Amino acid sequence: MAESENTQTGTVVGVDVGGTFTDLVALSSEGLRLAKVPSTVEDQSQGVLNALASANCEIAALDLIVHGTTTTTNAVLERKLARTGLITTQGFRDILELGRRTRPQAYGMFGEFKPLIPRDLRFEVPERMDSDSNILTPLDIEAVKTAANTLLEKGCEAVVVHFLHSYANPTHELQAVEVLHKLWPNDYITAGHALLSESREYERGVTAAVNASVQPVLSNYVDRLSHALTDQGYARDLLIMNGNGGMVSAQSVSKEAAKTVMSGPASGVMAAAFTGRAANEPNLITYDMGGTSTDVALIRDATPSVSNEIEVEYGMPIHVPMVDVRTVGAGGGSIAKINAGGLLEVGPESAGATPGPICYGRGGTQPTISDANYLLGRLRPSGLSLDEQLQRSKEVRRAFTEHLAPALKCSAVEAAEAVVQVANTKMAGAIRMVSLSLGADPRDFALFAFGGAGPLHAAALAKELDIPRVLIPARPGLTNALGCVVADLRHDFVRTINTPLFDLPSGKLADIFGTLISKGKALIAKETISLDSVDTILSLDMQFVGQTHLLRVPVVDQQMSLDALQALFEDAYLSRFQVALDDMPAAIVNVNCSILGRRPPLDLSLLSCPTSRAKTLGSAQTDTRNVFFGNTWLETPVCNRKALPSDAAISGPAIIEQMDTTIVVPPEDHVTSDAVGNLILHVGGGA
Amino acid sequence: MTLDPITLTVIQAGLQQVCDEMDLAFSRAAFSPVIAEANDRSDGIYAASDGALIAQGTAGLPVFVGTMQHSTRTLIEMINSSDVAAPNPGDIYIVNDPYLGGTHLMDVRFAKPFYRDGEIFCWLSNTGHWPDTGGAVPGGFSASATAVEQEGLRLPPVKLFKQGVLDKEIFAIIQSNIRVAEQRIGDVQAQAAALLVGETRLAALLDRYGDATVSNAISELNMRASSQMRACLKNIPNGIYRSQAYVDSDGVVNTPLTIALNVTKTDEELTFDFQGSSPPCLGPMNSVRATTHSAVYLGMRHIFPDVPMNAGAFAPFTITGIEDSFLDAKYPRPVSGCAAEVSQRIAEAVFAALVQAIPEKVTAAPAGTSGNFALGGFDPTRSRNYVMYQISGGGYGGNAQHDGLSNGCSTIGISKAPPIEIMEQAYPVLYRHYALHEGSGGAGEHRGGFGLDYEVELRRGEAKASFVMDHGRFGPQGARGGCDGEVNKVTVYRDSAPYTPEHLSKEQDIPLNAGDRVHVQTPGGGGYGNPLERDPQLVAEDVRLERYSPHQAKILFGVVITSSFEVDRAATSSLRREKRATLSDAP
């Protein structure tokens, strides 16, 4: 499906490939085009071209295409990776298989783990460095050559060089890479220290192994897409989204391919941050509820939390800076059942996309969260005839009557209400834990609801969490694609120094900041797209000497005195943990620097179409239906969001429907609209 | 008043949330890496009348399942009998006495009464593993202690906080008796702050739903958990299931200790009878009652992880026959091995008994040792004393679904191993290798996972090496015809001459000089099912990956592998036929 208003030139296109749909947002000063087409799993570029065609974009006339792709995410999660070899320190080839001595769950002795690189493709060479950068055993160059040739014979396409303590002294890794460049047939050579220069051999090794093994996959994909676009006359830049929420040029993206893993959720959060800034809501908890899971992230001062310690799945840490998106709780497809103790449980099992919830008619038979919303009158799958609707209703009701109602001793509808309530409790708890673990109190935030199911539950969740307001963007289902359009160019650097504060030689910290800043600015200067400004964000990961947890402290002045840094950290510590510790020396573990190339701002109000708006609220109302709230059915007006007047104010109960989501406004809440096209839901009628 | 199931579910989630937030607050603010990184702590809510577990944080260290309800109950009894001062709002009791419902001395418990309208509504309690509580050796794990006094400072329940204020005099006594004392105030503050978080959140829950409703929900949830556990137990056919597990030695007297277990299933109840287990021992491998009970609960929770944790879940279990055995040691028996080692042997006995009854739900025995290697010495370059711990995992048991996991953490833990690079930064050591313990997975249709094989060299100065490990004498048990996993091996190279500890897995203070090395191979998991039934292709794959030698493939699995790692089909079937015949001839 596609929508378009106006024809335009000077267009920036964001295309995001998701699991089910490929979404496109094309924005120019004159207007907006949108498209949502099915993703093409085998070759995502086909879906991208389909989306461009569906939005009637004249490819040759576009100014910029920014692309979010799940190519590397899928490759990692489905282990469809390039054959990759490892060359490592004598005695340590099993590091990638031994991991950090963990198990998948706290309780239960079942579970498996498969290393990224199998044992027969992991080769050891004589070399050894110590933690003080001393060479204990020189690198055996001949052994590197032999290992490389054997790996090639065994059909490896990519190779990782991973030596102990290379973060402290990369000499041996650099020597090995130099040798490899002479005999390896391509550029898919990753040195452990290159992406992540910090101690912890497992995390650094896995990060490097992920990078190497997705490089060929990403590179092939980007080439394919670039060629296809060039064939259609596109002559400008293709930029690719990274997991840090920034973007880099297609030519250089595969060099650090690991950074693109998890970029999909990151771009959604970037769009939220951008929207929040425009709407004067700089502090947001993003709540993206889809079919199988829910993603949550924290935005403070319009800046998303970024972590260098994301674990993509059990035993798979990718330690490059990524927007800290946590997957929690339930999705629309989460199955409700009665456990052996007679209590209602929602999830963790999910009906997924197939068979899916019963109400979507793809063969689902187990009651899900979506079905509960359906039964309560909140959700109506579109495009159904009256007969089909009646049939669906019957099936859903029967499932609740059979599976849930007897144990709960209530009607099917009350059981559905219980399912929603239990799911909300669970999601609210999970959101609280995410906020608390990031040192935030959810009450200080607004909830940014998107994804197909987010706006269905947002009001109830906000109430549960004492969050006063919910922001629902103009296009909740296209948030990731919008993130592509608004993203900045971004390069992140982390330097581990792990030194007590007062052991730092004077000027050392300023030197490190200086080096990182010029490195980043040089990279930004190479990009050809036009920028408004180049910004620098500096921070330190600190701790008290003897601790292991890190606290990130933003730094504005790179020349700060050590005393001032100690004080800065003590303040941050107190405000985070409510524990004041006097006379404890602080230490700096990581020095962080991000360089951002800011793009010209976009006018978000373009996302809403002025011509489709009705003059009065009354004429935006399409229907009335009975919706179950609390413990009773209420006759509830149903509005079409597209037709809402720009200054619409709606009191609950109400249902607002749009192409990509359904917004539930409970009786005690009300909704207003803002100048940039967002709806603001005020919980409990508050301001 | 009857409660509707929805309110019940919501209150259950609420109580759980309170505990999870306490866990989080404790770990985030704690100083000690043992708590902050290794999560060696737990937080929970306990009944006012008898200390019964109401809810416990999901991220707590597994071994603490059930211990704090013992310590809280003991505290309540001592308050009732006026052996301990009566509580006031804001008080926090500190206690680490193993014989009063504890584990070892290092597990320090805080307990705080939670008041509503002037009455104690429930208790909040948490346990944190302190890096040191004094005693003969840093860290408290002395393999040769013969009395608890040698293991550290023993605290009866005393009020460390009185009406919200830290008692500096008591704290000064503690500080004067423990090592690295200056950082402990950070842990004390974190441990108290976690209870405060619990207090605030629990009050909010009660305000919202009403005290009476929550009280009712707590009893109802106990009953529900109990019926959920009973429903799980229905899968176990009625009968008696016997098993034994052995601790290598007590560290002082070099003879094995036996855990004898008869599990009797009748209708919806399980009785765990430990009659016939060894008497209390001289060395520190004694367990105390609370730890023994907790180890049984832990084993059951590993088997049925979905049952919510409250006292009701444990109600269908009866534990008997521990009196007069080393599983119920009394003062002054040393106990430092109870939480880390003996508890895992008890869980192993539970697994070994129940794998006979519900083979699809239970794995063969996991490595089941914490593999504690401590190195204490003086680093001349940095002019400082240090104590380094290398805690290691091992292979997990094969099971009905798949092969066992390699290098998993102890049954009682959930923490990550420290990186080699961090160890080498912090201590004057160099790792020579860190690898899979090849050949260690017990053979089976689904083989055990592999243990760890590492070697550490002392680079400078002098140091003393101590080991508190287990399974050096007997490998982790196989199940349903699977072989045992390979045993734990410790070899110390002094002036290049190999030395094996007399007790194999335990020894205290082996002196080392620069250049001396310690080589440890941790146990593999037990195998599951007859190894002769293992898919020969999988055996060939293991040989190709050098996990087993071709010789082991023949001996253990009856599979003949060619030089190009193919299965020699003909030779394999005749070898397997031969082996089966030998097996069936065996008496």
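Quick mapping for you: the protein sequence lines, in order, are chains L and E.
Under the working numbering, the first sequence has 578 at position 560, and the numbering climbs by one with no breaks.
Under the working numbering, the second sequence has 414 at position 395, and the numbering climbs by one with no breaks.
Don't be surprised by glycine CBs; every beta carbon is placed ideally from N, CA and C.
In this text, all values refer to a predicted model and were calculated from it rather than measured experimentally.
What does DSSP give as the partner residues of V509 of chain E in its beta bridges? By 1-based counting over the second sequence, the position of residue 509 of chain E is 490. According to DSSP, V509 of chain E bridges with E:V539.
Inspect the beta-carbon positions of L256 of chain L and S244 of chain L and report whether they are closer than 9 Å. The residue you call residue 256 of chain L lines up with position 238 of the first sequence. The residue you call residue 244 of chain L lines up with position 226 of the first sequence. Yes; because the gap between Cβ atoms is below 9 Å, this pair is in contact.
Any Cβ of chain E within less than 9 Å of the Cβ of A358 of chain L? Counting from one through the first sequence, the residue named residue 358 of chain L turns up at place 340. It does; some Cβ of chain E falls within 9 Å.
Look up D292 of chain E in the DSSP assignment and give the residues it is bridged to. By one-based count along the second sequence, residue 292 of chain E stands at place 273. DSSP output for D292 of chain E lists E:N281 and E:T339 as bridge partner(s).
Which residues does DSSP list as the beta-bridge partners of L519 of chain L? Locating residue 519 of chain L in the first sequence gives position 501, counting from the first residue. Paired residue(s): none; L519 of chain L is not in a bridge.
Boundaries (first-last residue) of the alpha helix (DSSP H) holding D432 of chain L: Position 414 of the first sequence, counted from the first residue, corresponds to residue 432 of chain L. What sits at residue 432 of chain L in the sequence shown is Glu, not Asp. Counting along the chain, the alpha helix (DSSP H) containing E432 of chain L begins and ends at A430 to S455.
So if DSSP puts W651 of chain L in a beta bridge, which residue, or which two residues, is it bridged to? Indexing the first sequence from 1 puts residue 651 of chain L at position 633. Paired residue(s): L:F646.
Tell me whether D136 of chain E is buried or exposed, calling it buried when 16 or more other Cβ atoms sit within 10 Å of its Cβ. Translated into positions along the second sequence, residue 136 of chain E becomes position 117. Counting Cβ neighbours within 10 Å, D136 of chain E comes out exposed, since fewer than 16 surround it.
Nonlocal neighbours in the same chain, by C-beta distance under 7 Å from D561 of chain E, ignoring five residues either side: Looking up residue 561 of chain E in the second sequence gives position 542. Excluding sequence neighbours, D561 of chain E sits near Y567.
In whole angstroms, what is the alpha-carbon distance linking L568 of chain L and A49 of chain E? For this step, residue 568 of chain L is matched to residue 550 along the first sequence. For this step, residue 49 of chain E is matched to residue 30 along the second sequence. So the alpha carbons of these two residues sit roughly 12 Å apart.
Does the CB of A425 of chain L have a neighbour CB from chain E at under 9 Å? Taking the first sequence and counting its residues from 1, one reaches residue 425 of chain L at position 407. Taking Cβ atoms only, chain E reaches closer than 9 Å to A425 of chain L, which makes this a yes.
Span of the beta strand (DSSP E) around F133 of chain E: Numbered from its first residue, the second sequence carries residue 133 of chain E at position 114. F133 of chain E -> beta strand (DSSP E) spans D126 to R135.
How would you label V224 of chain L, buried or exposed, when you count the other beta carbons within 10 angstroms and need 16 or more for buried? Here residue 224 of chain L refers to the residue found at position 206 when the first sequence is read from its first residue. V224 of chain L is buried by the Cβ-count criterion.
Could you please tell me which residues of the stretch 103 to 115 of chain L, in chain order, have their CB closer than 9 Å to any CB of chain E? Q108, G109, F110, R111, D112, I113 and E115
Which stretch, first to last residue, makes up the beta strand (DSSP E) that contains P56 of chain L? For the purposes of this step, residue 56 of chain L is taken as the residue at position 38 of the first sequence. First-last of the beta strand (DSSP E) with P56 of chain L: G49 to P56.
Rounded separation between R659 of chain L and H421 of chain E - CA only: Residue mapping note: residue 659 of chain L aligns to position 641 of the first sequence, counting from 1. Residue mapping note: residue 421 of chain E aligns to position 402 of the second sequence, counting from 1. Near 52 Å, if we compare the C-alpha coordinates of H421 of chain E and R659 of chain L.
Does K481 of chain L have its Cβ less than 9 Å from a Cβ in chain E? Within the first sequence, residue 481 of chain L is the residue found at index 463, counting from 1. Not one chain E Cβ lies under 9 Å of K481 of chain L.
9 Å is my cut-off, CB to CB: does D23 of chain E come that close to chain L? Along the second sequence, one-based indexing puts residue 23 of chain E at 4. Yes - at least one Cβ of chain L is within 9 Å of the one on D23 of chain E.
Relative to the ligand FAD, is the shortest distance from any of its heavy atoms to the C-beta of V199 of chain E smaller than 8 Å? This structure lacks the ligand FAD; in fact it carries no ligand of any kind.
I want to see whether chain L comes within less than 9 Å of N426 of chain E, judged by CB atoms only; does it? Translated into the one-based positions of the second sequence, residue 426 of chain E becomes position 407. N426 of chain E counts as touching chain L.
Measure the alpha-carbon distance for A67 of chain E versus S311 of chain L and round it to whole angstroms. Mapped onto the second sequence, residue 67 of chain E falls at position 48. Mapped onto the first sequence, residue 311 of chain L falls at position 293. Looking at the two C-alpha atoms, the distance is approximately 39 Å.
Answer yes or no: does any C-beta atom of chain E fall closer than 9 Å to that of E653 of chain L? Taking the first sequence and counting its residues from 1, the one referred to as residue 653 of chain L is at position 635. It does not; no Cβ of chain E falls within 9 Å.
When the Cα atoms are used, what is the spatial distance from Y450 of chain E to V539 of chain E? As a first step, residue 450 of chain E is located in the second sequence; it is residue number 431 there, counting from the start. As a first step, residue 539 of chain E is located in the second sequence; it is residue number 520 there, counting from the start. Roughly 11 Å between the two C-alpha positions.
Cα-Cα separation between N610 of chain L and T640 of chain L, rounded to whole angstroms: The sequence position of residue 610 of chain L within the first sequence is 592, counting from 1. The sequence position of residue 640 of chain L within the first sequence is 622, counting from 1. When rounded, the distance between both Cα atoms is 52 Å.
So G32 of chain L and V84 of chain L are supposed to be a Cβ contact under 8 Å. How far apart are they, rounded? Reading the first sequence from its first residue, position 14 is the one you call residue 32 of chain L. Reading the first sequence from its first residue, position 66 is the one you call residue 84 of chain L. Yes, they are in contact, since the Cβ atoms of G32 of chain L and V84 of chain L sit about 5 Å apart, within 8 Å.
When you compare the CB of N418 of chain E with every CB in chain L, is at least one pair closer than 9 Å? For this step, residue 418 of chain E is matched to residue 399 along the second sequence. Cβ-Cβ to chain L under 9 Å: yes for N418 of chain E.
Shorter than 9 Å from the beta carbon of T189 of chain L to some beta carbon of chain E? Translated into the one-based positions of the first sequence, residue 189 of chain L becomes position 171. Output row for T189 of chain L: interface = no.
Put S352 of chain L into one of helix, strand or coil per three-state DSSP. To locate residue 352 of chain L, count along the first sequence from 1; it is residue 334. The answer is strand: DSSP assigns S352 of chain L an E or B state.
Using a cut-off of 8 Å between C-beta atoms, extract the partners of R450 of chain L located in chain E. To locate residue 450 of chain L, count along the first sequence from 1; it is residue 432. Those are Q36 and E40, listed as they occur along chain E.
Proximity test, Cβ basis, 9 Å: L185 of chain E and chain L: Counting from one through the second sequence, the residue named residue 185 of chain E turns up at place 166. L185 of chain E does not count as touching chain L.
Under 9 Å between C-beta atoms of N262 of chain L and S612 of chain L: As a first step, residue 262 of chain L is located in the first sequence; it is residue number 244 there, counting from the start. As a first step, residue 612 of chain L is located in the first sequence; it is residue number 594 there, counting from the start. In this structure, S612 of chain L lies closer than 9 Å to N262 of chain L by Cβ.
Can you tell me whether H711 of chain L is helix, strand or coil according to DSSP? Any question about residue 711 of chain L goes unanswered here, given that chain L covers just 19 to 705.
What's the C-alpha gap between G413 of chain E and F131 of chain L? Translated into positions along the second sequence, residue 413 of chain E becomes position 394. Translated into positions along the first sequence, residue 131 of chain L becomes position 113. Each residue's Cα considered, the two are about 14 Å apart.
Cβ distance (whole Å) where V701 of chain L is taken to contact V29 of chain E below 8 Å: Taking the first residue of the first sequence as position 1, residue 701 of chain L is located at position 683. Taking the first residue of the second sequence as position 1, residue 29 of chain E is located at position 10. Rounded, the Cβ-Cβ distance is 19 Å, inconsistent with contact.
Pull up the distance between the alpha-carbon of G427 of chain E and that of A430 of chain L, whole angstroms please. Taking the second sequence and counting its residues from 1, one reaches residue 427 of chain E at position 408. Taking the first sequence and counting its residues from 1, one reaches residue 430 of chain L at position 412. Approximately 45 Å, taken between the alpha carbons.
Please report the straight-line C-alpha distance between P569 of chain E and V475 of chain E, rounded to a whole angstrom. One-based indexing of the second sequence puts residue 569 of chain E at position 550. One-based indexing of the second sequence puts residue 475 of chain E at position 456. Rounded to the nearest angstrom, the two C-alpha atoms are 29 Å apart.
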